[in-house]
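Residue 32 in full-length UniProt numbering is what sits at position 32 of the sequence shown, and the numbering runs on without skipping anything.
Using N, Cα and C, we set each Cβ at its ideal position, and we do this for glycine too.
Have a look at the structure below before the remarks.
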Amino acid sequence: MTTLHYFDFYGRAEVIRFALHAFNEPFIDHCITPEEFLKTKRKNEFGLLPCLEIDGMVLVQSKSILRYLCQKHNAYPLEMYRIYQTESIIDAFGDIKDAIAKERMGKNEEESLRWINENMPRWFGILEKRLVENDNGGSFYVGDTPTMSDFVSANFIYDFFMRPGKEDQRSLLETHGQLLKAHTERLIDFYPSLKAYLASRQQKEF
Ligand SMILES: N[C@@H](CCC(=O)N[C@@H](CS)C(=O)NCC(=O)O)C(=O)O
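See the structure below:
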């Protein structure tokens with residue numbers, strides 16, 4: 001029995017949901033209320049969510065959970081240089097998210113959007129260069145099947161630029177990040193169960 005504990009939003013758990021659906025691993029998506037969280041917080045190793053329970057084994061830290069799932073389902077490279085290629089893409093998305101969170105502080109929606117429009121194309125260019133280095137951009141970041149980096153990338157690109165309600169951002173991706181958009185669609189197409197999840201997923205704000 002697998003249970004994912006997180007709040008009722010996409011947040012740091014959504015990439016884990018992407019992976020669980022992609023790998024066809026049945027799970028209970030336990031959306032915890034803030035009140036329930038406060039009652040159980042001290043029992044959690046770091047006092048933070050997400051947390052994934054698999055048959056009584058308790059995993060915490062979102063990226064470590066995702067890494068565990070990807071390794072379990074052969075979506076993580078074995079060779080050292082390929083691990084570096086995978087992990088450096090994951091770190092780059094961490095930098096992008098940190099930069100966006102920092103820029104958003106104290107800004108209104110319009111100012112944040114302006115910052116994203118001005119700054120994301122540079123990031124798109126760097127990421128797409130990596131994609132081009134592998135099969136001229138027609139495959140995944142590393143090798144010819146998905147690895148953890150593809151999940152991290154596709155989750156961010158889909159939820160930030162492609163999902164319903166993100167029309168304002170989508171045009172930026174279509175203009176400056178066509179390879180990233182195609183890469184995201186490629187990952188979703190690779191896993192029919194992930195595609196089905198995204199087609200019926202409850203819409204949340206973030
Ligand atoms: N490094 C941790 C950070 C987890 C984290 O910050 N979780 C937030 C929700 S996104 C949380 O549990 N906040 C509750 C609190 O700070 O009390 C991870 O990636 O899992």
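- prompt: Exposed or buried, residue 24, counting other C-beta atoms within 10 Å across all chains shown (16 or more means buried)?
  reply: The residue labelled residue 24 in the question sits at position 24 within the sequence shown. Answer is exposed; the Cβ neighbour count stays below 16.
field: Touching by the beta-carbon criterion (3+ pairs, under 8 Å), the stretch 116-125 and the stretch 137-144
entry: no
- prompt: Of the choices 201, 30 and 61, whose alpha-carbon is the least far from that of residue 45?
  reply: Position 45 of the sequence shown, counting from 1, holds the residue named residue 45. Answer by Cα proximity: 61.
task: Check each residue's C-beta against every heavy atom of ligand 1 and list, in chain order, those closer than 5 Å.
output: 11, 12, 48, 49, 61 and 62
field: residue 40 versus residue 31 - alpha carbon distance
entry: Counted from its first residue, the sequence shown places residue 40 at position 40. Counted from its first residue, the sequence shown places residue 31 at position 31. Cα-Cα distance, rounded: 13 Å.
query: With a CB to CB cut of under 7 Å and the five nearest residues on each side skipped, what residues in its chain are close to residue 207?
result: Residue 207 lies beyond the range of the chain shown here (1 to 206); nothing can be said about it.
- prompt: DSSP three-state call for residue 1: helix, strand or coil?
  reply: Mapped onto the sequence shown, residue 1 falls at position 1. Residue state, collapsed to three classes: coil.
query: So, are the CB atoms of residue 75 and residue 147 less than 8 Å apart?
result: Position 75 of the sequence shown holds residue 75. Position 147 of the sequence shown holds residue 147. One thing to note: residue 75 has its Cβ within 8 Å of the Cβ of residue 147.
- prompt: Is there contact here, the stretch 8-26 with the stretch 186-193, by at least three beta-carbon pairs under 8 Å?
  reply: yes
- request: Report the option in 150, 183 and 48 whose CA atom is closest to the CA atom of residue 91.
  value: Within the sequence shown, the letter at position 91 stands for residue 91. The candidate whose alpha carbon is nearest that of residue 91 is 150.
query: From what residue to what residue does the alpha helix (DSSP H) around residue 32 run?
result: Position 32 of the sequence shown, counting from 1, holds the residue named residue 32. It is not in any alpha helix (DSSP H) - residue 32 carries neither H nor E in the DSSP assignment.
message: Which of the three DSSP states is assigned to residue 76 in this structure?
response: Here residue 76 refers to the residue found at position 76 when the sequence shown is read from its first residue. In the structure shown, residue 76 sits in coil (DSSP, three-state: anything other than H, G, I, E or B).
message: Considering just the uninterrupted stretch of the alpha helix (DSSP H) at residue 128, what are its terminal residues?
response: In the sequence shown, residue 128 corresponds to position 128, counting from 1. Segment 109-133, the alpha helix (DSSP H) holding residue 128.
query: Distance, Cα to Cα, residue 157 vs residue 178?
result: Stepping through the sequence shown from its first residue, residue 157 is reached at position 157. Stepping through the sequence shown from its first residue, residue 178 is reached at position 178. Between residue 157 and residue 178, the C-alpha separation is close to 11 Å.
- request: Give the range of the alpha helix (DSSP H) segment to which residue 142 is assigned.
  value: To locate residue 142, count along the sequence shown from 1; it is residue 142. Unbroken run through residue 142: none, as it is neither H nor E.
message: My output table needs one value for residue 191: the three-state DSSP class, helix, strand or coil.
response: On the sequence shown, residue 191 is found 191 positions in, with the first residue counted as 1. Of the three classes helix, strand and coil, the one that applies to residue 191 here is coil, per DSSP.
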